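Enquirer: Keeping their order, the protein sequence lines are chains A and B. Numbering of the first sequence is given in our numbering, commencing with residue 9 and proceeding in unit increments. Numbering of the second sequence is given in our numbering, commencing with residue -9 and proceeding in unit increments. There's a structure below that I have some questions on.
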Amino acid sequence: MRSKGVSAFVACVAAWIVPGGGHYYLGKRKRGLVFFLVVLTTFFLGILNDGRSYLVDREQPLSYLGTFANIALGPLELVSRQLTFGKLAYALPADPNDAEGVRLLAAMRRKVMSVTNEYGTTFILAAGLMNILLILDAYDIAIGRKA
Amino acid sequence: MIRSHFLNMVIFSGLVSVFFAFLTQSDRRERLKVMTILCLSMIVLSLIVAYAMYFFPSSR
């Protein structure tokens, strides 16, 4: 049974752009606000703890998953990417001697040197993963699979 | 910057517990129950695993 007067597509996009936005759009305002606060707090604790964003590295398949989890956070993710690399880079160049690749790796290493980097990166990844669940939950509510 | 391992773990467990309690439950009492069980399980299990790892020799 499909929920009346709502679009599943709009709910998913709203959930991606603003954590909890999908629930807010679907009329679950209190839950939406709680999700917004929880995801935002998790993300900013990650930033505070010197967390870093992932880059796609063709030689490391798991880096695709890390980058995907980062992007799932929506526009907020741009903040951590800018803070990590000084620009909005998403992949390492294929050539290991490429000047841009060397600069990106150096920027990443500067973050990794911080003692709290592991915690920060985990917080940022967790915020992205939470947002994936929120997008799926908003979809389920929009199509009437969940109340 | 939060340098305490334990504090980071407690904050992380708390946030994840609140998230899953609101995601999976709609009743207030049930949410509180899920939140408490999740948060305590994560903290206690992490401490047990951390203590168990103490007996593993270092690779260095």
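Ideal Cβ placement from N, Cα and C applies to all residues, glycine included. Predicted, not measured: the structure shown is a model, and the values here were computed from it.
Between which two residues does the alpha helix (DSSP H) holding residue 37 of chain B run?
Expert: Note, residue 37 of chain B: alpha helix (DSSP H), 18 to 43.
Enquirer: Could you tell me whether the segment 124 to 139 of chain A touches the segment 49 to 60 of chain A, using the rule of 3 or more Cβ pairs below 8 Å?
Expert: As far as the Cβ criterion goes, the segment 124 to 139 of chain A touches the segment 49 to 60 of chain A, which means the pair count is three or higher.
Enquirer: Rounded to the nearest angstrom, what separates residue 125 of chain A and residue 45 of chain B at their Cα positions?
Expert: Taking the straight line from one Cα to the other gives about 26 Å.
Enquirer: At the 8 Å Cβ level, is residue 39 of chain A part of the contact set with chain E, yes or no?
Expert: Among the protein chains of the structure shown, namely A and B, there is no chain E.
Enquirer: Among the residues of its own chain, which have a CB less than 7 Å from the CB of residue 79 of chain A, if the five just before and after it don't count?
Expert: The residues are 85.
Enquirer: Are any of the Cβ atoms in chain B nearer than 8 Å to that of residue 34 of chain A?
Expert: With 8 Å as the cut-off, residue 34 of chain A does not count as an interface residue toward chain B.
Enquirer: Quick check: the Cα distance between residue 112 of chain A and residue 71 of chain A, rounded to an integer number of angstroms?
Expert: The straight-line gap from Cα to Cα measures roughly 14 Å.
Enquirer: Could you name the residues of the same chain whose beta carbon sits closer than 8 Å to that of residue 90 of chain A, not counting the 5 residues immediately before and after it, in chain order?
Expert: Excluding sequence neighbours, residue 90 of chain A sits near 96.
Enquirer: Please list the partners that residue 6 of chain B has in chain A, where partner means a Cβ-to-Cβ separation under 9 Å.
Expert: Those within 9 Å of residue 6 of chain B in chain A are 46, 50, 134 and 138.
Enquirer: Could you check how far apart the C-beta atoms of residue 135 of chain A and residue 81 of chain A are, in whole angstroms? I think they sit under 8 Å.
Expert: Right, the Cβ-Cβ distance comes to about 6 Å (below 8 Å), so this counts as a contact.
Enquirer: Would you check if the distance between the CB atom of residue 51 of chain B and the CB atom of residue 19 of chain B is smaller than 8 Å?
Expert: Chain B is shown only over -9 to 50; residue 51 of chain B falls outside these bounds and no answer can be derived.
Enquirer: Can a CB atom of chain A be found closer than 8 Å to the CB of residue 38 of chain B?
Expert: Not closer than 8 Å to any Cβ of chain A, the Cβ of residue 38 of chain B fails to qualify, so no.
Enquirer: For the segment 94 to 109 of chain A and the segment 61 to 69 of chain A, state whether three or more C-beta atom pairs, one from each stretch, are separated by less than 8 Å.
Expert: Short answer: they touch.
Enquirer: For residue 148 of chain A, would you say it is in contact with chain B, using Cβ-to-Cβ distances shorter than 8 Å as the test?
Expert: Chain B contact via Cβ: absent.
Enquirer: Taking C-beta to C-beta, are residue 35 of chain B and residue 7 of chain B nearer than 8 Å?
Expert: The answer is no: Cβ separation not under 8 Å.
Enquirer: Output needed for residue 33 of chain B: all residues of its chain with C-beta closer than 7 Å, excluding positions within five of it in sequence on either side, in chain order.
Expert: Here the set comprises -1, 0 and 3.
Enquirer: Under 8 Å, Cβ to Cβ, is there at least one residue of chain A near residue 22 of chain B?
Expert: Judged by the 8 Å Cβ criterion, residue 22 of chain B is not in contact with chain A.
Enquirer: Would you give the residue range spanned by the alpha helix (DSSP H) that residue 120 of chain A belongs to?
Expert: Per DSSP, residue 120 of chain A belongs to the alpha helix (DSSP H) from 107 to 120.
Enquirer: How far does the alpha helix (DSSP H) with residue 15 of chain B in it reach, from first residue to last?
Expert: From DSSP, residue 15 of chain B is part of no alpha helix (DSSP H); its letter is neither H nor E.
Enquirer: Under 8 Å between C-beta atoms, does residue 141 of chain A make it to chain B?
Expert: Output row for residue 141 of chain A: interface = yes.
Enquirer: Are residue 52 of chain A and residue 27 of chain A closer than 8 Å when you measure CB to CB?
Expert: For residue 52 of chain A and residue 27 of chain A, no; Cβs fall outside 8 Å.
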